[in-house]
Amino acid sequence: MPVANKDLDSAFLNAGANPGLEIWCIENQQLVPVSKSSHGRFYTGSAYIVLNAVFPKIGTPQYDIHYWLGNETKKVDSALASEKALELDAALGSCSVQYREIQGHESQKFLSYFKPCIIPVEGVFTSKQGSLNGEYQVRMYTCKGEYVVHVKEVPFLRSSLNHEDVFILDTASKIFLFSGCNSTIQERAKGLEVVQYIKDNKHGGKCEVATIEDGKFVGDSDVGEFWSFFGGYAPIPRDPHSVQESVVPSVKLFWINLQGKLCATGSEPFSKDMLETDKCYMLDCDSEIFVWMGRQTLLTERRTATKATEDFVRNEGRSNKTHLAFLSEGLESPIFRSYFTNWPKTAEPRLYEEGKEKVAAIFKHQGYDVKELPEEDNEPSIDCSGKIKVWLVDGDELSLLSVAELTRLYSGDSYIVQYTFPGNGRDETLFYAWLGCKSVTEDKTAAISHMNIMADSARTNPVVAQIHESKEPVQFFSILQRLIIFKGGNSSGYKKFIEEKGITDETYNETQVALFRVQGTSPDNMQAIQVDQVCFSDILNPGVSTSLNSSYCYILQTEASIFTWIGNLSSARDHNLLDRMVELLNPKWLPVSVREGNEPDDFWDALGGKAEYLKGKEIQGFADDPHLFALKINGGGFKVKEIYNYTQDDLVTEDVLLLDCQKEIYVWIGLHSTVNSKQEALSLGLKFLEMDVLVEGLSLDIPVYVVTEGHEPSFFTRFFSWDHTKANILGNSFERKLAILNRKSKPLVEGHNRIPLKVNSRESTSNGHRSISITPSTRGRSSSPVPGGAGSDSGQSGDRLLLSADLVSKKLFEGSPANSSAEQTMPVSGSPGSELWSSNETTSIIQKDRNIDGENLMVHPYERLRVVSGNPVTGIDLTKREAYLSNEEFHEKFGMPKTAFYKLPKWKQNKLKMSLDLF
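What follows is the structure in structure tokens.
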């Protein structure tokens, strides 16, 4: 329920209008905006409001509001912060999720906004700028966390050190990283990121760095210098290990009445029906507390619920580690939903197709010749010029298919597909286990087993994937190019099954009636799928044909004739594919073309009689952005931890990670992880999928890939801003970070020559870690390449470069002004037309900006570059509207410089551009 404008704090005007972070601080009981240059700088005596806005390609914006409370924040400021967070939520239409963040116990999502870390500053925020003078103060910090880091300042005393944690000693001329002997490799690696952050932000990049290993105290000048700050070396006492029994906390649900009283509501298991839309509830999960606010609740009721929950936490003596999350109805998190037994497993699909049609309508209204908007994410992101082999699986036997047969699969069979293709400077291999929808379980199991054995014996450390019929990824179709899937099967297992069950053999032959649905995106990516002529299994719609669909074209084969059926909602591209597929099925066929609505009786007779079918536009659901999870394996199971705002650096070599793209998932195996086989990794992916289905309602049949570190294919790296040179460094995650830190001023080795760690290193310690000193003379810029765009993988010199095509190509506007020159001629002063340039205030500024791609482009104002502009600029590349902004206006709108923007994956670039009406 939006708050009235008169009640809205003026600091929140236009809040959430652009994607990214906005931060406010409470100063003298007033909200003060925090400049972008100060983002990540938090004062221990202040309270902050942090808004993160995400604009999906289609659908409403997604907002997360965090109110951060320093350890020395006054109670009045803390109370005001929680109230202002609610006010901001109301201003955004009550469609945000709110979190309370306590200094030192921040949520992983909050810390992910400020990678690598935040280091709270003593004192109180002031909007007045000042300068700090005086002697550099030595400080000591402890770093905790393997994915996001909690950095806490500790007393500069020997007694602060222990064997469990990672510490940073920051002095005027050198930064020391001390690693406790019981700290993990990943904690040490994260500590190095914090060291780099301190070096860059507090020392201007001009100081030395040294790493100190717990227990090493002789033979190294850096070690001696470190201990000299504590008056010399002395053993660190070992803390007694206390074994804490894990207790499963009881979960309690309370209704919060209008007076702020908590009323117990039912007992476990909880049902979604217990949540009434005009009430607020508190779900107490011990370490985490959720407040659920119904859609029909008023702002005053939400304030009462928030205060009641904060009082409950305080009165119960709960730890500051207790996280509070405030959820509006309809925005429940998967964790919250998992506590309820009957929560719907599927959400209402987003009407992505409608959004594309609106975009096309806008372009047409502006006079452009829009042929057709291409499908989203249909680029294969893989080199399709490789070599392919296909085997039919028949129990323990494999039969290699001939070239003529390898693109003709049967639904009753399972197959193994091997594809070898040019990768990043070397040949890569991809194995698919394709499981037909009518294939018997024995063949499916055998296919997966055979595939893993073949992959383990290959030299190229291949990618493996398990895929099901009708859920194939775009890469699979692109590799096979022209695929036909017939009914029936040829394996002995399938034949035996239908014989035992008394089922009619549906295996395709040219003498029987057969109906094929034709689909695809191009002549090199098209499929013909044999479907049922009429399906009577739909209980709600008995006798309705579920195979015909107005959005597609079909081929109907009868004993006497061949019909091609053209749906009214099919496109010219579909018609072209239809003609090609007829020729592919049988070059001798002479089909009778039939338009929907003009079918002869023979057509319907072959289908068993005229029946109803789907005639509406097929709406494709839009998939959310990918999510990255770390799988912590423990015995026979694993724990899942989501990594927010992920980058390539979050792929840690000691880990197994899972990238959930909703339409497919990838299991990434680090070289130093405990997973030893692709079969084990594939099983982890399937277990995750089963767990995810319980919460999100995803299909169990989506493709599952297994990717090994160092052999990531381009269709995986497209989800990151990928730097292949990072794969050229050996060692665990700590040693790799140390090598990068040590050589930040030097170009990384080109090609695939790996950087040896022993260069410039001192004597090795007992467990292989080294104490390394880095001087200011080695500091500088890395010469590693910058990825060019979405799905682009930039390698070093001589490496193969694979670039995904833009989702919206220039062909989309054939004959439109977009194909004219991007340069406009400025009229000479005094010549005809020169007055137009000076009199129109909205006219482009006449200057040139250096574009990220190296082009000299004319600069135009934002209002004229918008898709919905009333006075649009002509003669520009409509797929790169943002490139024509000045550097200053680009930074103002996007919240980042152009260089940072073009390092983002393309799907993130497009998302930001769409939110600003630039796409």
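As numbered in this note's numbering, residues 56 to 974 make up the sequence shown, in order. We put the CB at the ideal spot given by N, CA and C, even for glycine. None of the values given here were measured: they were computed from a predicted structure.
Less than 8 Å between the C-beta atoms of residue i and residue j, yes or no?
i	j	result
Phe949	Leu933	no
Ser454	Leu447	yes
Ile173	Tyr196	no
Glu1030	Ile757	Beyond the ends of the chain as shown, which are 56 and 974, falls residue 1030; an answer cannot be given.
Tyr122	Ile104	yes
Gly200	Asp220	no
His523	Ile471	no
Met348	Glu384	yes
Pro389	Asp341	no
Ile553	Ala583	no
Ser436	Ile540	no
Phe309	Gln153	no
Val762	Phe771	yes
Lys733	Val519	yes
Pro74	Ser648	no
Which residue wins for smallest C-alpha separation from residue i, given the options the options?
i	options	result
Ile267	Asp119, Ser283, Val105, Leu632	Ser283
Ile795	Ile157, Glu190, Ile553, Val264	Val264
Ile81	Ile584, Leu68, Ser137	Ser137
Gly605	Ser626, Ser616, Ser776, Phe618	Sequence check: residue 605 is Ser here, not Gly. Ser605 has its Cα closest to that of Ser626, out of Ser626, Ser616, Ser776, Phe618.
Pro983	Leu135, Ser342, His766, Gly260	Beyond the ends of the chain as shown, which are 56 and 974, falls residue 983; an answer cannot be given.
Lys670	Leu633, Asn623, His682	Asn623
Phe231	Tyr760, Lys742, Glu280	Glu280
Gln612	Val568, Leu106, Pro655	Val568
Val730	Gln574, Leu712, Met746, Arg463	Leu712
Ile317	Trp659, Phe367, Leu354, Trp398	With the sequence shown as reference, residue 317 is identified as Leu, and Ile is not the correct amino acid for it. Leu317 has its Cα closest to that of Phe367, out of Trp659, Phe367, Leu354, Trp398.
Lys5	Tyr288, Asn256, Pro74, Lys257	Here the chain comprises residues numbered 56 to 974, so residue 5 is not present and cannot be evaluated.
Asp132	Cys150, Lys254, Pro111, Gly100	Gly100
Val89	Ser182, Phe169, Ile120	Ser182
Leu639	Ser533, Asp656, Ser941, Phe571	Phe571
Asp660	Val589, Ile621, Pro290, Asn516	Val589
Excluding the 5 residues preceding and the 5 following residue i in the sequence, name in chain order all residues of the same chain whose CB lies nearer than 6 Å to its CB.
i	result
Asp498	Val448, Ser469, Ser546, Gly548
Leu603	Tyr668
Thr562	Gly543
Asp715	His682
Gly159	Lys207
Leu166	Val203
Residues in its own chain within less than 8 Å of residue i by CB, not counting five upstream and five downstream?
i	result
Lys307	Ala319, Leu338, Asp339
Ser592	Confidence is the limiting factor: at Ser592 the pLDDT is only 44, short of 50, which leaves the residue's position unreliable, though a coordinate-based value still follows. Taken in chain order, the list of residues that qualify is empty.
Glu764	Leu706, Thr708, Trp723, Ile724, Gly725, Leu726, Ala782
Gly178	Tyr98, Thr99, Gly100
So is residue i buried or exposed if we call it buried at 16+ other beta carbons inside 10 Å?
i	result
Cys492	exposed
Asn69	exposed
Lys961	buried
Ser326	exposed
Glu387	buried
Val204	buried
Glu409	Unreliable positioning characterises Glu409 in this predicted model, as indicated by a pLDDT of 42, which lies under 50. The coordinate reading is nonetheless provided below. It counts as exposed.
Ile558	exposed
Glu77	buried
Lys672	exposed
Gly844	With a pLDDT of 35 at Gly844, under the threshold of 50, the modelled position of that residue is not reliable, and no figure is offered here.
Tyr957	buried
Thr619	buried
Can you list, in chain order, the residues of its chain whose CB lies under 7 Å from that of residue i, leaving out five sequence neighbours each side?
i	result
Glu937	Phe945, Lys968, Leu973
Lys687	Phe693, Lys694, Lys696
Lys362	Gly315
Gly71	Leu106, Ala108, Pro116, Tyr118, Leu147
Ile157	Leu124, Asn375
Ala501	Val448, Gly450, Asp451
Residue i CB to nearest chain C CB: under 8 Å?
i	result
Ser322	Among the protein chains of the structure shown there is no chain C, as only one such chain exists.
- Segments assigned beta strand (DSSP E), at least 3 residues, entirely inside the stretch 649 to 710: List check, beta strand (DSSP E) in window: 682 to 689, 692 to 698.
- Query: At which residue ranges does the stretch 114 to 192 contain complete alpha helix (DSSP H) runs of 4 or more residues, listed in the order of the chain?
  - Reply: Listed in chain order, the complete alpha helix (DSSP H) runs (minimum 4 residues) inside the stretch 114 to 192 are 130 to 146, 163 to 167.
- Query: Which whole runs of the beta strand (DSSP E) in the stretch 557 to 630 are 3 residues long or more, in chain order?
  - Reply: Whole beta strand (DSSP E) segments, 3+ residues: 569 to 577, 580 to 586, 608 to 612, 617 to 621.
- Task: Ignoring anything shorter than 4 residues or poking outside the stretch 185 to 265, list the alpha helix (DSSP H) runs there in chain order.
- Result: For the stretch 185 to 265, the full-length alpha helix (DSSP H) segments reaching 4 residues or more read 240 to 257 along the chain.
- Message: Quick check on the DSSP output: what are the complete alpha helix (DSSP H) runs of length 4 or more inside the stretch 482 to 506, in order along the chain?
- Response: Counting whole runs of 4 or more residues, the stretch 482 to 506 contains no alpha helix (DSSP H) stretch at all.
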